[in-house]
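These notes concern the structure reproduced below.
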Amino acid sequence: MRREKNRAKQFNRRAALLLGGKFALMSGLAARMYYLQVIESDRYTMMAEDNRINLRLLPPPRGFILDRNGDYLAINIQNYRIILVPEQANNASSVSEVLARLGKLIDLEDHEYRRVLKETSRRRAFVPVTVRENLSWEEVSRIGVNAPDLPGVSIDVGQTRHYPYGPTMAHVLGYVASVSDKDNSKDDPLLQLPGFRIGKRGIERYYDLALRGQGGTSKVEVNALGRVIRELERNEGQPGHEIRLTLDMRLQDYIGNRVADEKAASVVVMDVHNGEVLGLVSTPSFNPNSFSEGLSSQEWKDLQNNPYKPLSNKTIAGQYSPGSTFKMALALAALEHGISPDHSVYCPGHMDLGSHRFHCWKKHGHGRVNMIDSLRESCDVWFYEVALKVGIEKIAAMARKLGLGDQTGLDLQGERSGLIPDKAWKERAIGERWQGGETVIAAIGQGYVLTTPLQLAVMVSRLVNGGKAVTPHLTKQKFEGELLVEENRTQKFEDLGIPKKHLDVILKGMDEVVNHPRGTARSAAITEDGQEMGGKTGSSQVRRISEAERKSGILKGEDISWRLRDHGLFVGYAPVDNPRYGISVVVEHGGGSKSAIPIAKDVMMEVQRLMDQSESTAIEPAPHYLDETEGAG
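Each residue of the sequence shown is one higher than the last, beginning at 18 in the working numbering.
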């Protein structure tokens with residue numbers, strides 16, 4: 018009996034403990050539920066809402082690029098692309114089957130087939146995958162007609178970059194392409210968007226932030242699996258800035274056609290007073306639309322392996338010995354050194370320095386010539402003699418003052434600096450002392466001297482605008498990153514401190530180069546009143562001419578391979594009485610200045626016809642012709 022009572026008490030105690038434990042547990046659970054549902058209600062409501070609502074980034078429309086007259090050079094056009102939703106194709110085998118059917122309707126490369134299968138296996142079944150972009154309307158129609166046999170396939174419309182003038186503007190505009198891993202390292206969420214493209218070269222790259230714009234947002238409602246149910250709100254963002262160039266597309270197109278037959282050439286035209294670049298052409302070129310639409314590996318290899326380097330913008334990246342176009346810099350240095358324009362030298366066709374003989378381009382010489390004569394007829398011997406009197410340091414200082422041997426600051430990536438050598442440079446770069454013979458060679462723009470076509474155009478501009486340190490630019494506006502800081506560029510250029518009487522001597526010599534009967538570019542004379550051109554010829558040797566060849570006759574033209582022919586150069590300005598436009602022309606391996614002179618004449622006539630306000634001065638471009646001054650300058 019007693020044992021039964023103890024057992025009952027023990028049971029009651031255990032029941033009370035168990036009940037107490039359950040009560041405590043239920044109390045804790047109730048407290049936790051109260052905490053979560055009442056105290057933390059706002060927080061978890063927000064978290065649930067975040068799981069239900071997704072905020073997606075939208076790519077902004079890229080800004081257009083226009084020329085100075087409002088002609089569109091880079092625009093956005095509709096891009097039809099094929100989208101495949103795997104779950105609507107039922108399973109992986111169905112995806113392969115759908116792709117096989119697509120391959121019978123459109124060209125589908127093996128690498129595209131493999132890419133789509135890889136993406137569909139890695140993504141959720143309801144996430145769409147892009148199969149191919151830039152479909153033609155015929156391809157879109159073909160897919161539309163066969164839609165019932167293509168489950169999961171649909172046509173989506175996006176935007177792609179288009180360049181209406183193709184290769185003519187390729188080196189100026191550049192192109193856009195997909196974001197690389199290196200670009201992705203930048204802190205910009207837009208770069209993470211699939212298919213987003215950024216500027217890779219030219220204006221597209223230099224002003225990429227301004228053209229890119231600011232992304233928009235799309236607020237969508239999704240279910241627990243992440244499937245979009247509906248769009249709740251949409252903000253399109255801020256389109257990129259519209260950029261206006263200083264180029265005239267009519268002139269650019271004319272230059273492009275004028276040099277189309279040259280294997281490799283470059284032309285720069287600029288306003289000598291404000292630095293606006295009016296024409297900038299490098300040939301051969303490439304089609305920038307190929308990069309927007311998708312370049313095949315074979316096309317890329319062909320561009321890279323092309324011996325004439327179509328991907329290189331020769332106007333800013335081509336470095337050439339300037340030849341006799343460099344003589345104006347030496348002449349100015351001589352005037353500054355105190356040498357009179359009347360200083361004369363007898364030219365027998367060569368000059369001896371020690372045991373070495375330096376030849377003039379004219380085998381039997383020019384006789385006695387002064388500064389104007391030597392510029393007009395491009396006498397090398399006069400400049401040999403004077404260079405030794407002036408010295409390389411003063412020559413180099415004047416060349417740099419005129420804009421040679423350093424980047425001009427043009428708003429394009431990839432500009433090279435060229436080279437204006439002096440004693441310190443040679444000791445630093447080569448570890449040897451400067452020799453007198455090197456001064457002689459530098460006097461005629463050979464040896465170590467290297468310039469770009471753009472630098473030569475800047476040099477001419479500074480010579481003819483009164484000695485102002487003008488610098489070139491390609492856009493009417495000025496940007497800092499994505500911000501527009503100046504709508505219409507206005508800039509005052511400092512004075513270089515070159516006496517006007519010295520500049521007048523140089524301009525007289527350049528005038529006679531073209532308009533004097535004995536000028537080396539006489540055939541380039543423009544006879545229309547008020548449009549006359551002045552300039553300077555140049556031939557840049559790319560091979561050493563042996564003494565034996567000089568005696569037997571220097572090989573020219575078709576007698577030697579293209580790569581061994583001299584570069585042809587010409588720099589000029591117009592009108593002579595009131596200079597406004599400067600030009601530089603370089604024809605790689607053109608066989609001397611005779612290849613560049615007619616191009617310069619035609620282009621300078623065209624720029625004046627296009628730019629002049631008075632229709633009475635407009636004339637038709639001159640026909641192509643051959644120059645009689647082969648090898649001059």
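Heads up, the beta-carbon is just placed ideally off N, CA and C, and yes, glycines get one too.
Predicted model only: the values in this text are computed from it and were never measured.
Any non-hydrogen atom of the ligand ZN closer than 6 angstroms to residue i Cβ
| i | result |
| --- | --- |
| Met287 | With respect to the ligand ZN, the structure shown offers nothing to examine, as it has no ligands at all. |
Where the beta strand (DSSP E) through residue i begins and ends
| i | result |
| --- | --- |
| Leu297 | Val294 to Thr300 |
| Ala282 | Ala282 to Asp288 |
| Leu501 | Leu500 to Glu503 |
| His188 | From DSSP, His188 is part of no beta strand (DSSP E) but of the alpha helix (DSSP H) over Ala187 to Leu190. |
| Asp173 | Val170 to His179 |
| Ala613 | Taken as a continuous stretch (DSSP letters only), Ala613 belongs to no beta strand (DSSP E), as it is neither H nor E. |
| Ser158 | No beta strand (DSSP E) holds Ser158; the alpha helix (DSSP H) holding it covers Trp154 to Val162. |
| Arg149 | Val146 to Arg149 |
| Ala194 | Val193 to Ser195 |
Where residue i falls, given that 16 or more other Cβ within 10 Å makes a residue buried
| i | result |
| --- | --- |
| Glu317 | Correcting the residue identity first, residue 317 is Trp in this sequence and not Glu. Trp317 should be labelled exposed. |
| Ala350 | buried |
| Met266 | buried |
| Met388 | buried |
| Lys217 | buried |
| Ile82 | buried |
| Ala48 | exposed |
| Phe400 | buried |
| Ile260 | buried |
| Ala541 | buried |
| Gln463 | buried |
| Glu504 | exposed |
| Met415 | buried |
| Val115 | buried |
| Ile272 | buried |
Whether residue i touches residue j by CB criterion (7 angstroms)
| i | j | result |
| --- | --- | --- |
| Met368 | Ile523 | no |
| Ala474 | Val285 | yes |
| Thr488 | Gly426 | yes |
| Arg385 | Ser361 | yes |
| Tyr180 | Pro256 | no |
| Met527 | Gly547 | no |
| Thr263 | Ser395 | no |
| Val193 | Arg178 | yes |
| Gly254 | Arg222 | no |
| Gly555 | Pro339 | yes |
| Val148 | Leu101 | yes |
| Tyr8 | Val157 | Since the first residue shown for the chain is 18 and the last is 650, residue 8 is missing from the structure and cannot be characterised. |
| Asp428 | Leu491 | yes |
| Gly335 | Ser478 | no |
| Ser391 | Thr332 | no |
| Gln95 | Val196 | no |
| Leu122 | Arg159 | yes |
Simplified DSSP assignment, three categories, for residue i
| i | result |
| --- | --- |
| Tyr130 | helix |
| Asn93 | strand |
| Lys26 | helix |
| Met368 | strand |
| Gly589 | strand |
| Gly651 | The requested residue 651 does not occur in the structure, where the chain is confined to residues 18 to 650. |
| Asp88 | coil |
| Asp359 | coil |
| Leu228 | helix |
| Ser313 | coil |
| Asn322 | helix |
| Tyr465 | coil |
| Tyr271 | helix |
| Arg222 | helix |
| Leu513 | coil |
| Phe213 | coil |
| Ser329 | coil |
| Val55 | helix |
| Tyr598 | strand |
| Thr425 | coil |
Unbroken alpha helix (DSSP H) run spanning residue i, endpoints
| i | result |
| --- | --- |
| Lys518 | Lys517 to Asn532 |
| Glu104 | Taken as a continuous stretch (DSSP letters only), Glu104 belongs to no alpha helix (DSSP H), as it is neither H nor E. |
| Gly580 | A small correction: the amino acid at residue 580 is Arg; Gly does not occupy that position in the sequence shown. Element bounds for Arg580: n/a, residue is neither H nor E. |
CB contact check: residue i to chain D, cutoff 7 angstroms
| i | result |
| --- | --- |
| Pro489 | No chain D appears in the structure shown, which is made up of a single protein chain. |
Checklist line | Inside the stretch 370-396 only - beta strand (DSSP E) runs reaching at least 3 residues | finding: 373-376 and 384-386
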